[in-house]
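So the numbering used here is basically just the index in the sequence shown, starting at one, shifted up by 93. Below is one structure, written out as structure tokens; the observations come after it.
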Amino acid sequence: MVAPLDRDGSPSGSLMASLSRPTADERTRLAVIADPHLSTRESGTSKLFEHTETHVANAVADIAERDVDATLCVGDITKDGEPWNFDRFDELATGLDAPFYSIPGNHDVPKEGYDHENLPMAEFAERYTPEGEGFPFHVEIGGVDVLGLNTAGTEEWLYDSHEGRVTDEQIDWLEETLPSADAPVVLAHHNLPAMSEQVHEHRDLAEPDMFVPPEMDDPEPFVETLTRHDVPLLLTGHLHMPSAARQGPTRELMMPTTCSFPQGYCLVDVGPEGTEVRFVPVADFDGMVVGHRERSSDSVTARGLTAMAAARLAQFPLVEE
């Protein structure tokens, strides 16, 4: 692990993006993790299940030394929503000395075909949203307004699909909430069309047999709302790689996964000059090599996503404004 610096220094890690927006008079530091897929009873696959506890523990230990104002997760805390995996995650997260908030990913919520009882979504909300208020949520962290959405579903909707959706009720809530948010950062597990298009482009260029992972269904109302309110930043996960895209005025940054290549999390620093995002690894060099090998040999789709992740790491910073 890389030795951290305090808030007055430059955080270690690789610069992923330097953004002109959002800005905040009060300097605010967020740690953002994505797709831990924590599993205590499984091993194998490109998600490196047998290493997920170690990766989460490494992230927690590192974040605890970074003087963060909060830690956020953009979903897929667990392998498939198993209560025992949420319990283990919570045990590891006790090492954080700042608030922790999470939105659900498609692997956290109940889905057709699972052979176990999922953690109920009401309990997910009780554990991971501000004061258990549920979704969507709005919390002020330092100088930043964090708005968390559930794009993954519940027992009542998207039960038979891993696609994403921003419901009409959440769109209405955004319309009411965004006007009063001075420095909005929106959290969603699934990606905007401009980000998903990168997968289509890679498939057409390099991997014609590649399966495109589940995308956001009917994204236009969500995009229109973000555009109408000039939202500067959307943080997402889902595809397990660092990437950047622009959809109208909104910059989407996809957070890299902690579970599989490239194993890491991000520090997001918001201040008067803009926002700086840095990638911090949670595995050493040998672990990264193993992660790359396992993911690139798992399937055609995993190979394609791994190639995309490696290309983006080589292009850091992805954005300099």
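C-beta atoms are modelled at their ideal positions from N, C-alpha and C, and glycine is treated no differently. Predicted model only: the values in this text are computed from it and were never measured.
Put simply, the backbone Cα of GLY206 is about 20 Å away from that of THR244. Between the stretch 337-346 and the stretch 280-298, the count of Cβ pairs shorter than 8 Å is three or higher; the stretches touch. Assigned with DSSP and collapsed to three states, GLY225 falls in helix. Between GLU413 and MET303, the alpha-carbon positions lie close to 30 Å from each other. Contact between LEU327 and LEU285 holds: their C-beta atoms lie close to 7 Å from each other, under 8 Å. Linking PRO365 to ALA215 through their CA atoms gives a straight-line distance of about 37 Å. Considering only THR343, MET334 and PRO342, the residue with the shortest C-alpha distance to PRO349 is MET334.
Here PRO342 is exposed. Its C-beta has fewer than 16 other C-beta atoms within 10 Å. GLN356 sits buried, since 16 or more C-beta atoms from the chains shown fall within 10 Å of its C-beta.
Note: ARG344 is bridge-paired with LEU326 and ARG339 in the DSSP secondary-structure output. When secondary structure is reduced to three states using DSSP, ILE126 falls in the strand class. Between the alpha carbons of ALA186 and ARG396 lies a distance of about 31 Å. Taking 8 Å as the cut-off, the Cβ atoms of ALA157 and LEU189 count as close.
Taking all protein chains shown into account, GLY137 has fewer than 16 neighbouring C-beta atoms within 10 Å of its C-beta and is therefore exposed. Excluding the 5 residues flanking it on each side, TYR252 has same chain C-beta neighbours closer than 7 Å at PRO203, LYS204, GLU205 and GLY246, in chain order. Linking GLY241 to ARG296 through their CA atoms gives a straight-line distance of about 31 Å.
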